[in-house]
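Numbering follows my numbering, with no gaps: position 16 of the sequence shown is 40. Glycine residues also receive a C-beta, built at the ideal position from the N, C-alpha and C atoms. Taking it in order: structure first as structure tokens, then the write-up.
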Amino acid sequence: MLKDLYQKNPKWCLIGAGGLICVLILGFFFFYHANGEEVEVKSQQITEQKETKTQNEPAKREEKNSVVVVDVKGAVRTPGVYQIPKDGRVKDAIDRAGGLLNEADPSSVNLAQKLKDEMVVEVIKKGEKGSSALAGTTASTTEKAGSEKVNINQATAQDLEQVPGIGKAKATAIIEYREKEGLFTKIEDLTQISGIGEKTLEKLKAYLEI
Numbered sequence: 025m026l027k028d029l030y031q032k033n034p035k036w037c038l039i040g041a042g043g044l045i046c047v048l049i050l051g052f053f054f055f056y057h058a059n060g061e062e063v064e065v066k067s068q069q070i071t072e073q074k075e076t077k078t079q080n081e082p083a084k085r086e087e088k089n090s091v092v093v094v095d096v097k098g099a100v101r102t103p104g105v106y107q108i109p110k111d112g113r114v115k116d117a118i119d120r121a122g123g124l125l126n127e128a129d130p131s132s133v134n135l136a137q138k139l140k141d142e143m144v145v146e147v148i149k150k151g152e153k154g155s156s157a158l159a160g161t162t163a164s165t166t167e168k169a170g171s172e173k174v175n176i177n178q179a180t181a182q183d184l185e186q187v188p189g190i191g192k193a194k195a196t197a198i199i200e201y202r203e204k205e206g207l208f209t210k211i212e213d214l215t216q217i218s219g220i221g222e223k224t225l226e227k228l229k230a231y232l233e234i
């Protein structure tokens with residue numbers, strides 16, 4: 025039948041065959057091009073997802089490392105565990121806990137001390153004595169005097185009283201000087217405190233630091 029059709033209309037048969045071939049070629053090209061674009065789009069999406077994930081991971085780590093977790097106890101309105109920016113101070117932690125109660129003793133903590141992760145901040149009431157492990161804002165004051173030097177810009181009055189050669193009067197004077205004049209810039213500034221001369225200062229250097 026095809027042979028008879030070709031013999032009768034060879035010209036139209038050739039034109040039809042050529043058209044069919046063109047349609048097949050165009051169809052193949054379109055199918056291949058469409059699949060290629062789909063693969064390219066999927067590949068681009070996967071790449072973008074990986075890049076987004078890679079970009080988000082440092083951001084999450086940075087966010088996690090940008091805060092410290094502290095436990096605020098004692099004479100505050102809302103004791104509890106709080107997340108504070110890592111450059112925060114003890115005052116920031118107390119503010120997050122609702123602030124001090126009326127019966128709180130502000131001198132029991134160093135409000136200007138920088139916070140550290142897992143730190144305990146305990147504010148005692150007036151007339152009370154805090155436990156050696158929690159009073160103030162850090163670890164035992166006895167340990168500080170024995171194995172660590174006491175930072176005169178961060179120490180509470182109780183911390184300073186544990187240092188040999190510094191009694192209650194000198195400790196109070198150091199705190200008052202720090203609140204009035206600002207942080208000490210060098211150990212030698214302690215000579216500005218009444219009762220601390222050059223000889224006393226030399227003995228204290230073994231226990232104190234900036």
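Let me check understanding here. Comparing Cα to Cα, which of the options lies closest to residue i?
i           : options           : result
residue 174 : 148, 229, 216     : 229
residue 234 : 223, 217, 210     : 210
residue 195 : 90, 217, 204      : 217
residue 101 : 124, 133, 89, 92  : 124
residue 208 : 224, 222, 178     : 178
residue 111 : 176, 150, 225, 90 : 90
Going straight from the alpha carbon of residue i to that of residue j, what length do you get?
i           : j           : result
residue 227 : residue 114 : 30 Å
residue 201 : residue 213 : 10 Å
residue 188 : residue 220 : 13 Å
residue 232 : residue 139 : 20 Å
residue 198 : residue 184 : 9 Å
residue 186 : residue 222 : 20 Å
Hey, would you say residue i sits closer than 7 Å to residue j, going by beta carbons?
i           : j           : result
residue 144 : residue 128 : no
residue 181 : residue 131 : yes
With a 10 Å radius around its C-beta and 16 neighbouring C-beta atoms as the bar for buried, classify residue i as buried or exposed.
i           : result
residue 161 : The predicted position of residue 161 is uncertain, since its pLDDT is 44 and thus under 50; a value taken from the coordinates is nonetheless stated next. So residue 161 counts as buried.
residue 135 : buried
residue 206 : exposed
residue 141 : exposed
residue 98  : buried
residue 48  : exposed
residue 45  : exposed
Determine, for residue i, whether the minimum Cβ-Cβ distance to residues of chain B falls below 7 Å.
i          : result
residue 48 : You won't find chain B in this structure, because it holds only one protein chain.
>> Three Cβ pairs or more, each shorter than 8 Å: is that satisfied between the segment 115 to 122 and the segment 97 to 106?
In response: yes
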